[in-house]
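Everything below concerns the one structure shown next.
There are 2 protein chains.
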Amino acid sequence: MKFTIKKELLLEALSKVSKAISTKNLIPVLAGVKFELKKKKLTLTASDNDITIQTTIDSDNEENFKIENEGSIIIQGKYILDIVRKLPDDFINIEVIDELKILIYTENSEFNLNGISESEYPNVGLEESKKKVDIKVGTLKSIVYQTAFASSNEESKPVLTGINFNIAGDILECNSTDSYRLARKVIKLDKSSEENYNIVIPSHNILEFTKILGDDEEIVELHIFSNKILFKTGNLKFESRLINGTYPNTSNLLPDDSFLVVSTNLNAFYNVIDRVSILTSDKEKNIVTLETQGNTLILKSSSVEIGRVEEKMTVNKSNNEDIKISFSAKYMMEALKSFSTETVDLHFVGEIKPILIKSSEDESLTQLVLPIRTY
Amino acid sequence: MKFTIKKELLLEALSKVSKAISTKNLIPVLAGVKFELKKKKLTLTASDNDITIQTTIDSDNEENFKIENEGSIIIQGKYILDIVRKLPDDFINIEVIDELKILIYTENSEFNLNGISESEYPNVGLEESKKKVDIKVGTLKSIVYQTAFASSNEESKPVLTGINFNIAGDILECNSTDSYRLARKVIKLDKSSEENYNIVIPSHNILEFTKILGDDEEIVELHIFSNKILFKTGNLKFESRLINGTYPNTSNLLPDDSFLVVSTNLNAFYNVIDRVSILTSDKEKNIVTLETQGNTLILKSSSVEIGRVEEKMTVNKSNNEDIKISFSAKYMMEALKSFSTETVDLHFVGEIKPILIKSSEDESLTQLVLPIRTY
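Those sequence lines, one after another, are chains D and W.
Quick note on the working numbering: the first sequence kicks off at 1298 and runs consecutively.
Quick note on the working numbering: the second sequence kicks off at 1298 and runs consecutively.
So this is what it looks like as structure tokens:
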């Protein structure tokens, strides 16, 4: 293997696959990045057994990427990324010598790394399915940003540590819940799916994927299997395992018989809750109480040791009914942050019933926060 | 106590004193900020027994700061800072009611905090000395930035966890060493000190102080006592304990009989060492070897498991002598970072003698890095 490549091209590709480099030392070869140079194409692969990332660089422009010899080798991932990042030159030469030595050199720098034979790299899959589902990159990013935060961190409930993707016809419904709150995003696909799917993707993995996604207007293909999902976009492939188990049916959690809807400016409401929660001593479950009195919204919290706080703001209401309800400020703020609208609507069903947060500016998103009994 | 104050004024003052709010729960009252409003002046004080910070706000402009009643109280530091920071209003009203309740309110927000009686606050000192030493704020910032990094983190050698300030006449010499490297800064004072001093200021404390220092052109007064130092600048007072014990005499560490001086561009040399140290596995003491061959500087490092690296750069030399020497890349990089010059000069005395780093552009600073024997 011998080639000369523009630094920026290699750095971009390495940065993408590096998210999958294993940092555990269980399987040493997985701490490496597999370089495969054949048919005028450099393929980089990294995997930690949980996710696998692969990207390719085409040598269609000899000025940017000039191949002398084809070949394959595994290079230690941590070092190759650092080396390429820190080399000041525009072009980098990479060459395998003595079978398993990798020479990385520019005019004044010469790195000589120990490599591992390509034959030791495990088979990492990355097969495509015959049927695929297409989503816009920007849409997938929104889904993940607006739902992943609501999933659980507790490994004791594995299925809740993922995002549920439910595909039926041209409707994609995504749910994420830790059983105290629920985030739901419903999207109409441009093209109906040939098959229906109901899968759970680990939130952590799909969050990593969205970090390396590019242009919002591009299409990402979902290739769904029984135990894994392959995302493919441009020259990038990202595979994740799926979480086994049945995702809870969350539809019955979303009541549509609210007796009162309170409409408010999103930022103003967020900031009020942020201030009211300053004094709540238990930072994990900081409880605030919301109350309406006519068109005045009153938010309160108190702590015997520290003191109490009361904030007022003027809101629009759907009718003259009033509500008094308590909830976690943290959960409410995270739910509010998922909206990029100017206003939000709080739908109240009862004092001990879930609060729905929606916006007339974006019907695709619903957030639900459970109330907390304070008496 | 009752007053109305411009938010920005109070926030700036609170941000400064908050660095001294105690986060340990040993003495609860020290988790508070003492508010003292008298003689048209609000004085804020915080102390964690290691450092004490005090700042004052004058009510010389009623539009910014209007006093209704004088008085004093201790307010829980963590909350008052958060409240003032997050209130959206331009002006904030603060009032003591029922003796120990503090009301903080604006148009739509009302915080009611539990306070502590001023009488419970310990005497925190802050006396001034009759003799003082004046330094420019910008000069003090440079001293700390250029020397503090070289002091030790190990509490087993307390005296090395500080910066040694040695004042004799109009010369201030500052030393900092962890016994593997030494940073020395020598300043000529605008005015001779009436007395000579040889003190050790905890590096951590003086670093905190430089973070809240303002305009480089202002003067900071040093009031030095046997066991503490008071810094005073404008309406800000900062007091730190001093470290007991005799600081080692470092002068004999600085040889002036170098047989070779290598001059190089600072950034280029820094980046070469940064790259050469990528492969050094022990990240704490990453050893690199420097060698001259004529006007070529060669930097190398190697690791049996990972591989090896060699970098070359062209430098200017004082004569035809050559050197081969090994040192910690981390220590060399930290020493280089303390220079804001374009070039640096490396003074070599011998293969097992300290390396001196100086710059003809700034004679006030000397860095010393000990070599590491690699054979």
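Ideal placement from N, C-alpha and C gives every residue a C-beta, glycine not left out.
Between Ser-1406/W and chain D, is any beta-carbon pair separated by less than 9 Å? In the second sequence, the residue the question calls residue 1406/W occupies position 109. So, interface residue.
Assuming Ala-1565/D contacts Leu-1504/D under a Cβ cut-off of 8 Å, what Cβ separation, rounded to an integer in Å, is found between them? For the purposes of this step, residue 1565/D is identified with residue 268 of the first sequence, where counting begins at 1. For the purposes of this step, residue 1504/D is identified with residue 207 of the first sequence, where counting begins at 1. Not a contact, Cβ separation roughly 29 Å.
_Ser-1312/W (DSSP reduced to helix, strand or coil)_ = Indexing the second sequence from 1 puts residue 1312/W at position 15. Reduced to three states, the DSSP call for Ser-1312/W is helix.
Would you grab the beta carbon distance between Leu-1633/W and Ile-1654/W for me? Rounded to a whole angstrom, and I think it's under 8 Å. Position 336 of the second sequence holds residue 1633/W. Position 357 of the second sequence holds residue 1654/W. Sure, about 7 Å apart at Cβ, within 8 Å.
Let me confirm a value: Arg-1670/W is counted as buried when at least 16 other C-beta atoms fall within 10 Å, else exposed. Which label applies? By 1-based counting over the second sequence, the position of residue 1670/W is 373. Arg-1670/W comes out exposed.
8 Å Cβ cut-off: residues of chain B touching Pro-1385/W:
The structure shown contains no chain B; its protein chains are D and W.
query = What does DSSP give as the partner residues of Asn-1586/W in its beta bridges?
reply = In the second sequence, residue 1586/W corresponds to position 289, counting from 1. The displayed chain sequence assigns Thr, not Asn, to residue 1586/W. Thr-1586/W is bridged to Lys-1597/W and Ser-1623/W.
Discussion item. Restricting to runs no shorter than 4 residues, where is the alpha helix (DSSP H) found entirely within the stretch 1350-1403 of chain W?
Written reply: 1374-1383
Under DSSP, the alpha helix (DSSP H) around Tyr-1544/W begins and ends at which residues? For this step, residue 1544/W is matched to residue 247 along the second sequence. Segment: none, Tyr-1544/W is in no alpha helix (DSSP H) and carries neither H nor E.
- Chain-ordered neighbours of Asp-1571/D on chain W, where CB pairs are closer than 9 Å: As a first step, residue 1571/D is located in the first sequence; it is residue number 274 there, counting from the start. Residues of chain W passing the Cβ test: Lys-1383.
Can you round the beta-carbon distance between Ser-1448/D and Ser-1500/D to whole angstroms, since I take them to be within the 8 Å contact cut?
For the purposes of this step, residue 1448/D is taken as the residue at position 151 of the first sequence. For the purposes of this step, residue 1500/D is taken as the residue at position 203 of the first sequence. The Cβ separation is near 4 Å, so the contact holds.
ask   = Can you list, in chain order, the residues of the stretch 1608-1630 of chain D whose Cβ is nearer than 8 Å to any Cβ on chain W?
value = Glu-1608, Lys-1609 and Met-1610
Using the Cβ count rule (16 or more neighbours within 10 Å means buried), how would you classify Ile-1394/D? Locating residue 1394/D in the first sequence gives position 97, counting from the first residue. Exposed, by the Cβ-count rule.
Cβ neighbours of Asn-1524/D in the same chain (closer than 6 Å, five flanking residues each side left out):
As a first step, residue 1524/D must be located in the first sequence, where it is residue number 227. Result list for Asn-1524/D: Leu-1539, in chain order.
Check your understanding: Applying a beta-carbon distance threshold of less than 7 Å, which residues of chain W neighbour Leu-1576/D?
Key -> Along the first sequence, one-based indexing puts residue 1576/D at 279. Under the 7 Å cutoff, chain W gives Tyr-1376.
N- and C-terminal bounds of the beta strand (DSSP E) containing Ser-1661/D:
Here residue 1661/D corresponds to residue number 364 of the first sequence, with the count starting at 1. First-last of the beta strand (DSSP E) with Ser-1661/D: 1659-1666.
Notebook entry, point to check: Does Leu-1307/W come within less than 9 Å of chain D when only Cβ atoms are used?
Noted result: Counting from 1 along the second sequence, the entry for residue 1307/W is found at position 10. By this cut-off, Leu-1307/W is not an interface position.
Run through chain D and tell me which residues come within less than 9 Å of Ile-1413/W, C-beta to C-beta. As a working note, residue 1413/W is residue 116 in the second sequence. Ordered by position in chain D, no residue passes the 9 Å Cβ test against Ile-1413/W, which lies about 12 Å from the chain.
ask   = Does Gln-1443/W get closer than 9 Å to chain D when you measure Cβ to Cβ?
value = In the second sequence, residue 1443/W corresponds to position 146, counting from 1. Not closer than 9 Å to any Cβ of chain D, the Cβ of Gln-1443/W fails to qualify, so no.
- Message: Using the Cβ count rule (16 or more neighbours within 10 Å means buried), how would you classify Asn-1461/D?
- Response: Mapped onto the first sequence, residue 1461/D falls at position 164. Buried, since its Cβ has 16 or more Cβ neighbours within 10 Å.
(request) Check each candidate in Val-1601/D, Ile-1380/D and Lys-1488/D and name the one with the smallest Cα separation from Ser-1312/D. (result) Within the first sequence, residue 1312/D is the residue found at index 15, counting from 1. The shortest C-alpha separation from Ser-1312/D is found at Ile-1380/D.
Just the Cα atoms here: how many angstroms apart are Phe-1535/W and Ile-1521/W?
As a position in the second sequence, residue 1535/W is number 238, starting the count at 1. As a position in the second sequence, residue 1521/W is number 224, starting the count at 1. The alpha-carbon atoms of Phe-1535/W and Ile-1521/W are separated by roughly 12 Å.
Legend entry - Met-1610/W (DSSP reduced to helix, strand or coil): Within the second sequence, numbered from 1, the residue matching residue 1610/W stands at position 313. Three-state result, Met-1610/W: strand.
Grouping DSSP H, G and I as helix and E and B as strand, with all else coil, what is Gly-1647/W?
Locating residue 1647/W in the second sequence gives position 350, where the first residue counts as 1. Looking at Gly-1647/W - three-state DSSP - the assignment turns out to be coil, as it is neither helix nor strand.
Going by beta-carbon coordinates alone, are Ser-1548/D and Asp-1642/D separated by less than 9 Å? As a first step, residue 1548/D is located in the first sequence; it is residue number 251 there, counting from the start. As a first step, residue 1642/D is located in the first sequence; it is residue number 345 there, counting from the start. Not a contact, by the Cβ cut-off of 9 Å.
### Message
With a threshold of 8 Å on Cβ separation, who are the neighbours of Gly-1435/D within its own chain once the five nearest residues in sequence on each side are excluded?
### Response
Start at 1 with the first residue of the first sequence, and residue 1435/D comes out as number 138. Around Gly-1435/D: Asp-1513 and Glu-1514.
Worksheet item: Residues of chain D with CB under 7 Å from Leu-1410/W, in chain order?
Response: Taking the first residue of the second sequence as position 1, residue 1410/W is located at position 113. Within chain D, the residues near Leu-1410/W are Ile-1603 and Gly-1604.
Once you ignore the five residues that flank Glu-1333/W on each side, which residues in its own chain have a CB closer than 6 Å to its CB?
Taking the second sequence and counting its residues from 1, the one referred to as residue 1333/W is at position 36. So the list reads Thr-1340 and Ser-1369, once near-sequence residues are dropped.
**Message:** Please report the distance separating the alpha-carbon of Pro-1455/D from that of Asn-1472/D.
**Reply:** Here residue 1455/D is taken as the residue at index 158 of the first sequence, counted from 1. Here residue 1472/D is taken as the residue at index 175 of the first sequence, counted from 1. Roughly 15 Å separates the two Cα atoms.
* To do: Check the Cβ-Cβ distances between Lys-1525/D and every residue of chain W, and say whether any is below 9 Å.
  => Counting from 1 along the first sequence, the entry for residue 1525/D is found at position 228. With 9 Å as the cut-off, Lys-1525/D does not count as an interface residue toward chain W.
Worksheet item: Where Ser-1637/D and Ile-1401/W are concerned, what is the direct C-alpha to C-alpha distance, given to the nearest angstrom?
Response: For the purposes of this step, residue 1637/D is taken as residue 340 along the first sequence, with counting starting at 1. For the purposes of this step, residue 1401/W is taken as residue 104 along the second sequence, with counting starting at 1. For Ser-1637/D and Ile-1401/W, the distance between alpha carbons rounds to 32 Å.
Are Leu-1665/W and Ser-1623/W closer than 9 Å when you measure CB to CB?
Position 368 of the second sequence, counted from the first residue, corresponds to residue 1665/W. Position 326 of the second sequence, counted from the first residue, corresponds to residue 1623/W. Against a cut-off of 9 Å, the Cβ pair of Ser-1623/W and Leu-1665/W comes out as no contact.
How big is the Cα-Cα spacing for Leu-1479/D and Met-1629/D? As a first step, residue 1479/D must be located in the first sequence, where it is residue number 182. As a first step, residue 1629/D must be located in the first sequence, where it is residue number 332. Straight-line Cα distance between these residues: approximately 11 Å.
task = Quick one: using the 10 Å Cβ neighbour count with 16 as the cut-off for buried, is Ile-1399/D buried or exposed?
result = Residue 1399/D sits at position 102 when you count from the first residue of the first sequence. With 16 or more other Cβ atoms within 10 Å, it is buried.
Beta carbon proximity, Gln-1373/W to chain D, threshold 9 Å:
Counting from one through the second sequence, the residue named residue 1373/W turns up at place 76. Yes, its Cβ sits closer than 9 Å to a Cβ of chain D.
If contacts are defined as beta-carbon pairs under 8 Å, then Lys-1383/W and Ile-1364/W qualify, I think. What distance do you get, rounded to the angstrom? In the second sequence, the residue the question calls residue 1383/W occupies position 86. In the second sequence, the residue the question calls residue 1364/W occupies position 67. Actually they do not touch by this definition, with Cβ atoms about 24 Å apart.
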